[in-house]
Each structure stands twice: as C-alpha cells, then as structure tokens.
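Okay, so the sequence shown: first residue is 18 according to the working numbering, each after it adds one.
Glycine residues also receive a C-beta, built at the ideal position from the N, C-alpha and C atoms.
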Amino acid sequence: MSENPSSWSVAAEIRAEQKAALKDMSRKKKLAYFWEYYKIHTIVTIISCAVLFSILYNMFTNKDYSFYAIIINSYELSGETIADEFSTFALLDNDRTKCFVETDTHLDIDDFSPYEAATVQRIMATVIAGQLDTIIADAHTFTYFSDAEFFEDLRLILSEDELKRYEDRFFYLDQALIDERNNTQNLDDFLEITIKTPAEKIAEIDWRSQPEQMKNPVPVGIFITDSPLIKDAYFDNAFPVLGIVGTSTKIESAVLFAEFLLDFP
18 MSENPSSWSV
28 AAEIRAEQKA
38 ALKDMSRKKK
48 LAYFWEYYKI
58 HTIVTIISCA
68 VLFSILYNMF
78 TNKDYSFYAI
88 IINSYELSGE
98 TIADEFSTFA
108 LLDNDRTKCF
118 VETDTHLDID
128 DFSPYEAATV
138 QRIMATVIAG
148 QLDTIIADAH
158 TFTYFSDAEF
168 FEDLRLILSE
178 DELKRYEDRF
188 FYLDQALIDE
198 RNNTQNLDDF
208 LEITIKTPAE
218 KIAEIDWRSQ
228 PEQMKNPVPV
238 GIFITDSPLI
248 KDAYFDNAFP
258 VLGIVGTSTK
268 IESAVLFAEF
278 LLDFP
C-alpha cells in the first residue's frame, strides 16, 4: 500500500525546518541539538560497536586458561596478584595460556534474586565448558555448590600423603542424602530453599566436618580458614572452603592451588 502523499509533504517540511534551524546554530548548539534528538540512537550504536569490538578482540587475543579459579564472597583480594604468585609457584606456562583468579563474584544463596540466578548460571556455564578448576567460597555458599554435585571426590584425586595432610580439613557431603534427594518424586521438596538462622548455619558447617555422623560421607572440599592469603578476606564464621570442580581438566594445578594457599609465606 502506498503512503499518503500528504504525509511526504509534512515530513519534507519538517526536515526543511530542521535544516534551516541547524544552519544558523553555533557548533555547541548543533551538538546539543544532535544529542537531544539522537542520543538513544547514538548510545545504541556505541554499545553495539563496543560489544562487537569485545567479541572480536576476545576471538583473536584471548588465551586459553592455564588455571581458572573463582573466589566467592571475598573482600579486598587481588585476583591478578594471586594469579601471578600462583603461576610462579606452579610453574605455569602463561606465554600461550593465562592464569585467571576471579575475586569480584558475590552471591547470596538465601536471596536468590535474578542477579543470584544469573551468577549461578554463569558459574555453571564455565563448569559445563570445563573451564573452571576451583571454587572457593564461605562454607554456607560452598554447601549449595557441593550439594549440587559440582565437586570431585577428593579421594579420587589426592595422593595418600595429601589425604593424610588434609584429613582434618575436609568438608563432606552425605552422598546418601544427595541420592535420596535425587530420587525424590516430590518436586516441591527438591526445589525448596530453607532459610537458616546464623546458629543453624554454624551447626550445618560443623556437621560438614564430622563424617562419622553421615551415612555415606564424601570429602569434596578443604577448609582453608587459616590460609595466609584468604583468612583476612572473609568475615568471622565464614569458614572459606576450597573445592576442585569435577569437570576440571587441570586437576594437578587445582591440587597445587590448595597447597599454594595454605603454604603461602
């Protein structure tokens, strides 16, 4: 269907008036006029160009990870410094790859707002892709990931000497409870999020270090509360725990990272 010729005339008249108005404006006023009428278009164009540049830049310059760790809910930690120190400690080859330690991720699993959901999805994506090697978090948050079966059974990857060294530091899950949950026919029970009091959280954390109270205890984390690098990055009663992601392709480096954190001078 053709447009009404009268609409062409009106549009042409408006454009002529705008052109005449712009002709007599100073440079400053022209810029102000342009910004007022075209700022949305400009912002969208700038953002689109920035996104495109970022994608192309990452495609051509991004290195594979020699090691990738996320430290959740920490404060005043420099991921770059830790990555540099660990690269030296573990003799990582960063010419073709890079060591990345992320320290700016915060997550409140008791809230689970859209931000929390997006954060969990992002972390899950790195796990599925086999990029993420280690997760460190306060014990309450770590419980969420451990019960979602993110972590490897440490008995399968640590040497006998390492098992003895970390035995008193292990964070356990009860596989019997996980299996029971996975086999439940009640979806509401499966999805239910129980908000715990501070005292209940402490009791839960204490239980996680007592395998004798579990039916089928599996060590999936290492308490690193006294790590020289980590201990001041968490509030009291946070009890940070380190876990090695089950899909990690750099298990040896992940094991070395625990040693690095606990033995850091």
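Next on the checklist: Which complete alpha helix (DSSP H) runs does the segment 100-167 hold, if anything under 4 residues is left out?
Outcome noted: Listed in chain order, the complete alpha helix (DSSP H) runs (minimum 4 residues) inside the segment 100-167 are 131-145 and 156-164.
Checklist entry - Under the DSSP definition of a beta bridge, which residues are partnered with isoleucine 88? => result Residue numbering aside, residue 88 sits at position 71 when the sequence shown is read from its first letter. Answer is Ile153, bridged to isoleucine 88.
Checklist entry - So, helix, strand or coil for valine 252, using DSSP? => result Residue numbering aside, residue 252 sits at position 235 when the sequence shown is read from its first letter. The sequence shown places phenylalanine at residue 252, rather than the valine named in the question. Phenylalanine 252: coil per DSSP, three-state reduction.
Item to check | Alpha-carbon spacing of leucine 175 relative to isoleucine 89, whole angstroms | outcome: In the sequence shown, residue 175 corresponds to position 158, counting from 1. In the sequence shown, residue 89 corresponds to position 72, counting from 1. Their Cα atoms are separated by approximately 24 Å.
Next on the checklist: Measuring straight from C-alpha to C-alpha, what distance separates isoleucine 152 and aspartate 81?
Outcome noted: As a first step, residue 152 is located in the sequence shown; it is residue number 135 there, counting from the start. As a first step, residue 81 is located in the sequence shown; it is residue number 64 there, counting from the start. Straight through space, the alpha carbons of aspartate 81 and isoleucine 152 are spaced by roughly 18 Å.
Item to check | From Glu97, Val237 and Ile247, residue whose alpha carbon lies closest to that of phenylalanine 159 | outcome: The residue you call residue 159 lines up with position 142 of the sequence shown. Comparing Cα-Cα distances from phenylalanine 159 to each of Glu97, Val237 and Ile247, the minimum goes to Val237.
Checklist entry - How many Å lie between serine 107 and phenylalanine 256 at the Cα? => result Taking the sequence shown and counting its residues from 1, the one referred to as residue 107 is at position 90. Taking the sequence shown and counting its residues from 1, the one referred to as residue 256 is at position 239. In the sequence as displayed, the identity of residue 107 is alanine instead of serine. If you take the alpha carbons of alanine 107 and phenylalanine 256, they lie about 25 Å apart.
Item to check | the segment 221-235 contacting the segment 129-143, beta-carbon criterion three pairs below 8 Å | outcome: no
Item to check | Close-in-space but distant-in-sequence residues of the same chain around glutamate 177 (CB under 7 Å, 5 per side omitted) | outcome: Here residue 177 refers to the residue found at position 160 when the sequence shown is read from its first residue. None.
Checklist entry - Start and end of the beta strand (DSSP E) containing isoleucine 239? => result Mapped onto the sequence shown, residue 239 falls at position 222. Its beta strand (DSSP E) spans residues 234-240.
Next on the checklist: So, does the segment 216-232 touch the segment 180-193, judging by three or more C-beta pairs under 8 Å?
Outcome noted: yes
Item to check | Residue closest to arginine 172, alpha-carbon to alpha-carbon, out of Ala165, Phe187, Asp164 and Tyr161 | outcome: Residue mapping note: residue 172 aligns to position 155 of the sequence shown, counting from 1. Nearest option by C-alpha distance: Phe187.
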